[in-house]
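Quick notes on the structure that follows.
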Amino acid sequence: MKVALLHDYLNQLGGGERVLETLIEIFPEAPIYTLLHDPEKTLNRFHDRVQKTSFLDIPFIRKYHRWFIPLMPLAVSSLKLNADYDLIISDTAGYAKGIRVARNPSHPTSHTKHISYIHTPLRYAWEPEYINSKFKIQNSKLRNLILKPLLSALRKWDYKTAQKPDVLIANSQFIADKIKKYYNRKATVIYPPVNTDNFFFEPRTSNLEPRTPYYLAVGRLMHYKRFDLIIEAFANLGLPLKIVGSGPEEKKIKNQSASRRTKIKNIEFLGNVSDDKLRGLYNEAQALIFPQVEDFGLVAAEAQACGLPVIAYAAGGALEIIENKKTGIFFQEQTSDAIVTAIKEFENKKFNPSINSGLNSRAEIAEKAKRFSKERFKKEFLDLI
1 MKVALLHDYL NQLGGGERVL ETLIEIFPEA PIYTLLHDPE KTLNRFHDRV
51 QKTSFLDIPF IRKYHRWFIP LMPLAVSSLK LNADYDLIIS DTAGYAKGIR
101 VARNPSHPTS HTKHISYIHT PLRYAWEPEY INSKFKIQNS KLRNLILKPL
151 LSALRKWDYK TAQKPDVLIA NSQFIADKIK KYYNRKATVI YPPVNTDNFF
201 FEPRTSNLEP RTPYYLAVGR LMHYKRFDLI IEAFANLGLP LKIVGSGPEE
251 KKIKNQSASR RTKIKNIEFL GNVSDDKLRG LYNEAQALIF PQVEDFGLVA
301 AEAQACGLPV IAYAAGGALE IIENKKTGIF FQEQTSDAIV TAIKEFENKK
351 FNPSINSGLN SRAEIAEKAK RFSKERFKKE FLDLI
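Numbers 1 to 385, taken from full-length UniProt numbering, label the letters of the sequence shown in order.
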């Protein structure tokens, strides 16, 4: 079976790219088509697999691609595939599902099957608060003049292209519900893969020192991840916090941290780290802090695979990963005060693997997280095909 893989753009390494890497393992001969490809930002992981990119794939646009949103539908159409593929798989948060396949003149009735794995419906089209957070257009007249017609056109395009794939897969029930709401289509839920070869629980032997009492936050440093709330909470608590990741708001977040920790230097920025280093951090930390609304939340699932409790905002994909009072603790408001209260509740439980404080042991948390394994993802995906 001849297969092609489609991905919106390869300019970072996040949850979507983890899914793509697993799809490559399932279909090792499949080429990748994508709108943009930055080998440096993706550590050359896909360099020899990218078959074709769009006309937008130039260095300036790679860096400022969100300013070229109106051109994305045209760009994905330019990636028109030959008709000799038996199966195309789009792995997308918006654009790749809009791919066009050429007709085969020798077999005019033949049909190339299209399966679309959807991380989220196109946010720019359906979530005005998302585009406002990205572009911050304060002038209401200018916003109405520019954004309203643009968003209307994007919604129409997004809805139309969402009707084309033969099968829609959602990365969570949270996203399946959005697909039903925006596209009026049913989607099968297949949770993203956690690489349990890299992320697993490492039991501590009796001769090791007690765990260092630090908390952990992991992710790209951008607004919706709400690192600002985490920093505010830990500045008030004075507890040790390690932050893993980089991103477009790194300078702003570091400045916020510097201004709030003049007396207690309890917040440490580690930047990007290897999977081995991250596994060690997950295994040694007290808990992961997770205040954002995610479509799924791969970081939370990775942490749980390492046996780490998660203190999370009760919304989005986190509700499908964490069992409240068992594998973590939820807070109900997306505020720094709510994070502080949840951490104090966690501290009062005095979590310890050998003590039943209500939370599961780390080994039990890791065992429950096996339902997100890469092997499970591969089986469910192949069964659907």
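Beta carbons: idealized from backbone N, C-alpha and C, even for Gly. As the structure is a prediction and not an experimental result, all values here were calculated from the model.
Beta-bridge partners of residue i, as assigned by DSSP
{"i": "Asp91", "result": "His7, Tyr117"}
{"i": "Tyr215", "result": "Leu241"}
{"i": "Lys265", "result": "Looking at the DSSP assignment, Lys265 forms no beta bridge with any residue, so it has no partner."}
{"i": "His37", "result": "Leu10"}
{"i": "Thr188", "result": "Ile169"}
{"i": "Gly297", "result": "Gly297 is not bridged to any residue."}
{"i": "Phe330", "result": "Ala312"}
{"i": "Val290", "result": "Checking the displayed sequence, the identity of residue 290 turns out to be Phe instead of Val. Ala312, per the DSSP bridge assignment."}
{"i": "Lys52", "result": "Tyr33"}
{"i": "Gly271", "result": "Val244"}
Cβ pair residue i, residue j closer than 8 angstroms
{"i": "Ile169", "j": "Ser116", "result": "yes"}
{"i": "Pro248", "j": "Val19", "result": "no"}
{"i": "Ile243", "j": "Ala217", "result": "yes"}
{"i": "Leu35", "j": "Thr53", "result": "yes"}
{"i": "Pro240", "j": "Tyr214", "result": "yes"}
{"i": "Ile339", "j": "Ile267", "result": "no"}
{"i": "Gly15", "j": "Leu270", "result": "no"}
{"i": "Ile118", "j": "Leu6", "result": "no"}
{"i": "Ile61", "j": "Leu79", "result": "no"}
{"i": "Lys113", "j": "Leu154", "result": "no"}
{"i": "Ile365", "j": "Gln304", "result": "yes"}
{"i": "Ala300", "j": "Ala318", "result": "yes"}
{"i": "Ile322", "j": "Ala342", "result": "no"}
Residue i versus residue j - alpha carbon distance
{"i": "Pro73", "j": "Phe55", "result": "12 angstroms"}
{"i": "Lys156", "j": "Phe296", "result": "25 angstroms"}
{"i": "residue 388", "j": "Tyr159", "result": "Shown here, the chain extends from 1 to 385; a query on residue 388 therefore has no answer."}
{"i": "Asp91", "j": "Met1", "result": "19 angstroms"}
{"i": "Glu202", "j": "Asp166", "result": "42 angstroms"}
{"i": "Arg376", "j": "Arg45", "result": "23 angstroms"}
{"i": "Ala4", "j": "Asp38", "result": "20 angstroms"}
{"i": "Phe199", "j": "Glu21", "result": "16 angstroms"}
{"i": "Glu345", "j": "Phe330", "result": "10 angstroms"}
{"i": "Tyr95", "j": "Ala83", "result": "20 angstroms"}
{"i": "Glu29", "j": "Gln173", "result": "31 angstroms"}
{"i": "Ser110", "j": "Pro128", "result": "40 angstroms"}
{"i": "Leu237", "j": "Arg279", "result": "25 angstroms"}
{"i": "Tyr183", "j": "Trp126", "result": "11 angstroms"}
{"i": "Ala162", "j": "Phe227", "result": "33 angstroms"}
{"i": "Asp8", "j": "Ala93", "result": "7 angstroms"}
{"i": "Lys164", "j": "Ser246", "result": "36 angstroms"}
{"i": "Gly358", "j": "Glu302", "result": "22 angstroms"}
{"i": "His223", "j": "Lys349", "result": "31 angstroms"}
{"i": "Leu221", "j": "Val293", "result": "14 angstroms"}
{"i": "Asp197", "j": "Ser152", "result": "44 angstroms"}
{"i": "Lys186", "j": "Thr120", "result": "14 angstroms"}
{"i": "Glu265", "j": "Ser274", "result": "Looking at the sequence provided, one finds Lys at residue 265 rather than Glu. Rounded to whole angstroms, Lys265 to Ser274 spans 25 angstroms at the Cα level."}
{"i": "Pro31", "j": "His47", "result": "11 angstroms"}
{"i": "Tyr33", "j": "Val50", "result": "6 angstroms"}
{"i": "Glu284", "j": "Asp276", "result": "13 angstroms"}
{"i": "Ala369", "j": "Asn324", "result": "14 angstroms"}
{"i": "Tyr85", "j": "Ala233", "result": "52 angstroms"}
{"i": "Lys63", "j": "Arg204", "result": "43 angstroms"}
{"i": "Ala75", "j": "Glu17", "result": "20 angstroms"}
Anticipated Cβ contact below 8 angstroms, residue i with residue j, distance rounded
{"i": "Glu320", "j": "Ile190", "result": "No, Glu320 and Ile190 are not in contact; Cβ-Cβ is about 12 angstroms, not under 8 angstroms."}
{"i": "residue 424", "j": "Leu150", "result": "Residue 424 is absent from the structure shown; the chain starts at 1 and stops at 385."}
{"i": "Pro291", "j": "Leu229", "result": "5 angstroms"}
{"i": "Leu23", "j": "Leu43", "result": "The pair is not a contact, with the Cβ atoms about 18 angstroms apart (cut-off 8 angstroms)."}
{"i": "Thr327", "j": "Asn360", "result": "6 angstroms"}
{"i": "Leu382", "j": "Ile26", "result": "7 angstroms"}
{"i": "Ala258", "j": "Gly307", "result": "Actually they do not touch by this definition, with Cβ atoms about 33 angstroms apart."}
Burial state of residue i, where buried means 16 or more other Cβ atoms lie within 10 Å
{"i": "Lys178", "result": "buried"}
{"i": "Ser373", "result": "buried"}
{"i": "Pro59", "result": "exposed"}
{"i": "Arg371", "result": "exposed"}
{"i": "Arg103", "result": "exposed"}
{"i": "residue 386", "result": "Since the displayed the chain opens at 1 and closes at 385, residue 386 lies outside it and no answer follows."}
{"i": "Leu384", "result": "exposed"}
{"i": "Tyr124", "result": "buried"}
{"i": "Gln286", "result": "buried"}
{"i": "Asp57", "result": "buried"}
{"i": "Asn272", "result": "exposed"}
{"i": "Lys97", "result": "buried"}
{"i": "Lys251", "result": "exposed"}
{"i": "Asn255", "result": "exposed"}
{"i": "Asn171", "result": "buried"}
{"i": "Lys148", "result": "exposed"}
Contact test: residue i Cβ vs the ligand FAD heavy atom, cutoff 7 angstroms
{"i": "Ile339", "result": "Summarising the ligand content, the structure contains no ligands, and the ligand FAD is consequently not present."}
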